[in-house]
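To convert, note that position 48 of the sequence shown is 48 in this note's numbering; the numbers rise steadily by one, no gaps. Here a beta-carbon is modelled for each residue, glycine too, at the ideal position from N, C-alpha and C. This one's a predicted model, so the numbers in the text were calculated from it and none came from an experiment. This report refers to the structure that appears directly beneath it.
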Amino acid sequence: MGSPEGAKYSTDEIITCMSTLAQLQRRTKDILELAIDADPDWYTWGVIGIPFAVWYGNTADDVYRHLSMIGECLKNKVDALDCVSQSYRALEEGISRAMEKIEEMLDSGPFIG
Numbered sequence: 001m002g003s004p005e006g007a008k009y010s011t012d013e014i015i016t017c018m019s020t021l022a023q024l025q026r027r028t029k030d031i032l033e034l035a036i037d038a039d040p041d042w043y044t045w046g047v048i049g050i051p052f053a054v055w056y057g058n059t060a061d062d063v064y065r066h067l068s069m070i071g072e073c074l075k076n077k078v079d080a081l082d083c084v085s086q087s088y089r090a091l092e093e094g095i096s097r098a099m100e101k102i103e104e105m106l107d108s109g110p111f112i113g
């Protein structure tokens, strides 16, 4: 399954996307750190609040785990987009060098003028 006909990829757009995802990843990490820091100790709830503390603790653990997974996913996407942008950049440079060589060959060939 290839690219749609006429599809064009801009390294600038890929880098912009990568930057946005990196910023989201940093924010997710910051939110996770703030949530963990704001987590009250179990004894804060008192005797009456113990059932709520158990529910809160389980829910908070799920939230922390999900935030951590979101951060990891975003980091993986940032790394993948970095590789893609480097590959595209290297491909564009290779094509440019090949075109320059072709132009030199055409300019110096016996069939010119």
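- For the pair Ile70 and Thr20, the CB atoms are not nearer than the 7 Å cut-off.
- Spanning the alpha carbons of Val47 and Leu67 requires a straight line of approximately 30 Å.
- Here Leu91 is actually not in contact with Tyr64; their C-beta atoms are around 41 Å apart, not less than 8 Å.
- In terms of Cα proximity to Leu74, the closest of Gln25, Glu13, Tyr9 and Val84 is Gln25.
- Asp39: not part of any alpha helix (DSSP H); DSSP gives it neither H nor E.
- Ala35 and Val84 have their alpha carbons spaced roughly 34 Å apart.
- In the three-state reduction of the DSSP assignment, Gly46 falls in the coil class.
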